[in-house]
Amino acid sequence: MRAVSISASRPYEVRIGSGLLSDLGAQLRGLFAAPRSVMVVSDDTVSALYGPAAERSLRDAGFCPERFVFPHGERSKTLSTYAALQQALLTAGFTRSDLIVALGGGVAGDLAGFAAATYQRGIPYVQVPTTLLSAVDSSVGGKTAVNLPGGKNQVGAFHQPALVLCDPDLLHSLPPQEYQNGCGELVKYAMLSGDPLYSALLSEPVSRLPEQVISACVEIKRDFVQSDEWDTGCRRLLNFGHTVGHAIESCSHYAVSHGQAVAIGMAVITRAACHRGLCTPEALSDLERLLASYDLPTHTDFSAQAIARAALSDKKRRGDRLPLILPEAVGRCRVEAIPAQDFVSWLRDGGLS
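In my numbering, the protein residues as written are 204 to 556.
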């Protein structure tokens, strides 16, 4: 097992290793005294696959598990699902001495984390990611949120987990499109950090090196979170591709997955930056090479106007300025704040109509 320590406002560990799901109860006993009530939050797909094993492990360790299950998909990441989870906690008699386990991908983690941040002004939660995307990115760092009809992640809070348990064995059940979804975030980390991750992703399929790749990404994110927990400085670099990506997700009503949308966003912004002389042709070709190696998309049929309209509600906007992340080279990116009214021309320079 590998362990990565995160020194945030609430310090915690990310533990990565085969068989951790069956050891869930014992892992929690090391942090929390049983008996405690534990709400296991997962979507219907994950609950059927892994819910019984998680609950059995919790019971064997002396915990009292409850279950909250929601329909799978980004469309469940809403205020109504969040409210239903809060009501389930109240109905089950949860107090501030109890906890939540997010068993699933990014949607489960966001819902469970936001509920934990706000139920009775805050209770602990544990992340158990079951997708590549949540393992390498969203389970770490304490960002929690739900969507509004007008935009993604508009209502949320920073709330660090008490523990992250990442069992690479759980990734074996992922369909190919969900594995590809996680690869969009992997490419982002490779462009931000450079080698050895960039070369490793080109030379070996992620499925052959899951523990090593997950650990590498978590260590990269750890450094950003420890330097800028509240996302006001260098942590903003982790938003590479996300302004365009979130807009594509909103425009498609979440038919386009997060990883695919981020891949398109990275490609569009890098093409625009190259067109404007703000990054080198080599940086663009290096990005496109890595995206192609994972069959990730680089174009969208949504117009520049539609993407720009959706981006107006982006939570990263500050007044009339929109921060974009530009790769100067593999391993070197920077923030460029542009006037929001110029975003359409940037998108057109990036290949959108």
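Even glycine gets a Cβ: it sits at the ideal position worked out from N, Cα and C. If you're wondering where the values come from, they're calculated on a predicted model, not measured in any experiment.
Quick one: is residue 239 buried, meaning 16 or more other Cβ sit within 10 Å of its Cβ, or exposed?
Buried is the call here.
Count the other C-beta atoms from every protein chain shown that fall within 10 angstroms of the C-beta of residue 375, then say buried if there are 16 or more, exposed otherwise.
With fewer than 16 other Cβ atoms within 10 Å, it is exposed.
Measuring only the C-alpha atoms, how far is residue 520 from residue 261?
Their backbone Cα atoms lie some 42 angstroms apart in a straight line.
Which residue's Cα is closest to the Cα of residue 295: 315, 253, 267?
Residue 295 has its Cα closest to that of 267, out of 315, 253, 267.
My parser needs the alpha helix (DSSP H) runs of 4 or more residues fully inside the stretch 250-289; what are they?
Listed in chain order, there is nothing to give.
Pick from 204, 215, 208: whose alpha carbon is nearest that of residue 222?
Measuring from the Cα of residue 222, the nearest candidate turns out to be 204.
DSSP state of residue 435, grouped into three classes?
Note: residue 435 maps to coil in three-state DSSP.
Less than 6 angstroms between C-beta atoms, sequence neighbours within five positions excluded: which residues of the same chain meet that for residue 543?
Hits under 6 angstroms: 523, 525.
If I measure Cβ to Cβ from residue 235 and keep anything under 6 angstroms in the same chain, skipping five residues before and after, which residues do I get?
Nothing meets the Cβ criterion.
Output the boundary residues of the alpha helix (DSSP H) element that contains residue 391.
Per DSSP, residue 391 belongs to the alpha helix (DSSP H) from 379-396.
Label residue 258 either buried or exposed according to how many other C-beta atoms from any shown protein chain fall within 10 Å of its C-beta, with 16 as the threshold for buried.
Residue 258 is buried by the Cβ-count criterion.
Closer than 8 angstroms by C-beta to residue 382: which residues in its own chain qualify, once you throw out the five before and the five after it? Chain order, please.
Cβ within range, chain order: 335, 374, 409, 410.
Taking Cβ positions, are residue 306 and residue 333 nearer each other than 9 angstroms?
Against a cut-off of 9 angstroms, the Cβ pair of residue 333 and residue 306 comes out as a contact.
Would you mind sorting residue 445 into buried or exposed? The rule is 16 or more other CB atoms within 10 Å of its CB.
With 16 or more other Cβ atoms within 10 Å, it is buried.
Given that a residue counts as buried once 16 or more other Cβ atoms are within 10 Å of its Cβ, and exposed if not, what is residue 456?
Residue 456 should be labelled exposed.
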